[in-house]
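> Pasting a structure below so you can have a look.
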Amino acid sequence: MFKPLSTAYSKKLATRLHKHQGLVPITKADFFSLFWDAWMSSFTTKNIFSSFQATGVHPFNPNVILNRFTTNDSDTSSNASEEAPTYGGEAWQKLNTVVKRALSGASEKDASIIRQSLHHMAIQNTLLQSENEGLLDALTVKKRREMKGKSLDLLQHYEYWGPSMMWTPRSFREAKTRMRLAREEREAEEKEKANMKELAKANKLYNEKIAQEKREKRKKEKEERDRLAAVKAKEVAERKVERERQKQARDSQKAVQKPSISKRKASQKAAPRKKQKRSARDDVGGASRTARTPTPP
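Counting the sequence shown from 1 gives a position; the numbering used here is that position plus 6.
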């Protein structure tokens, strides 16, 4: 029984190395999975009965062992020829049937070339699929190894530790419960942090929107002030132009009226003034006004 187990384990190990293409090393953690597959494939009902029968234990047959010590001069060598392994994949069988049916009227040489080409492509496809599956399996194993395992908190209520300790199923349940509660607490904290982050992001967007609205409002108010200032400046300029026009009109009118005034003054200077006679009454009034004038101190 142990020979088939050893053979099966070696085969499983070689298959694992071939699939992973040497990218993932074999560690102690891989032993049990390989050993268990080899054990399940080796210790079958058929193999167990065969092992008892090969030793002559059941059914009882001592000649099975005794015949090993007898000499036999007959040539036990076999001349059976070994056939070369061929590809008997299911996909190639179906494809070969389709090719034969499609090339029923073609020449044998052309049909042989096409069948060989398709056979080669089918084999390459199978090899590539196997390689792809092996690489995916290796990547999965590598990612699983990179994950750090967490030990159970079993030393929660023990004060004195000895060289060896026995753990009850209750201790495992309590440790798993504590681990689950701690994980849920961490997940709740992470969820709360994510919610706070979303709220902060939403608050930031809201503040940016309010600031944008304020900027647009200030921009509109500035444009309105600029428009009013432009209208006011235009009105001031129009009034200034109107004053200038009125001033020019007055100046031109004065320039027209000035020659007539000069002529009138000249005519008045040319005419002699008549000497007015002063009456006695005016003389008396003037003397009295002179007498009433106070003398300075």
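No residue lacks a Cβ here, since even glycine has one placed at the ideal position from N, Cα and C. Since the model is a prediction, treat every value here as computed from it, not as a measurement.
Confirm, please, whether the CB-CB distance from L134 to L101 is below 7 Å.
no
> Compare the beta carbon distance of L40 and A144 with 7 Å and say whether it is the shorter of the two.
no
> Do L11 and S48 have their C-beta atoms closer together than 7 Å?
For the 7 Å CB-CB criterion, L11 and S48 form a contact.
> How is the alpha helix (DSSP H) around T51 delimited, first residue to last?
Boundaries of the alpha helix (DSSP H) around T51: T51 to T61.
> Since S53 and M7 are thought to touch, with beta carbons under 8 Å apart, how far apart are those beta carbons, to the nearest angstrom?
What sits at residue 53 in the sequence shown is Asn, not Ser. N53 to M7, Cβ: 7 Å. Contact.
> Alpha carbon to alpha carbon, what distance is there between I32 and L23?
8 Å
> I need the straight-line Cα distance from H26 to S110, nearest angstrom please.
43 Å
> Can A181 and L205 be called in contact, C-beta distance under 7 Å?
no
> Rounded to whole angstroms, what's the CA-CA distance from A128 to L211? Just pull it up for me.
58 Å
> Taking V105 and I120 to be in contact with their CB atoms under 8 Å, please state how far apart those CB atoms are, rounded to whole angstroms.
6 Å
> Please state the DSSP three-state secondary structure of K156.
Secondary structure of K156 (DSSP, three-state): coil.
> Taking just the CA atoms, how far does A255 sit from E3?
Any answer about residue 3 is impossible in this case: the structure gives the chain only from 7 up to 303.
> Expressed to the nearest angstrom, what Euclidean distance is found between the alpha-carbon atoms of D232 and S258?
Rounded to the nearest angstrom, the two C-alpha atoms are 38 Å apart.
> With DSSP as the reference, label V147 as helix, strand or coil.
helix
> Output needed for I71: all residues of its chain with C-beta closer than 8 Å, excluding positions within five of it in sequence on either side, in chain order.
T61 and G62
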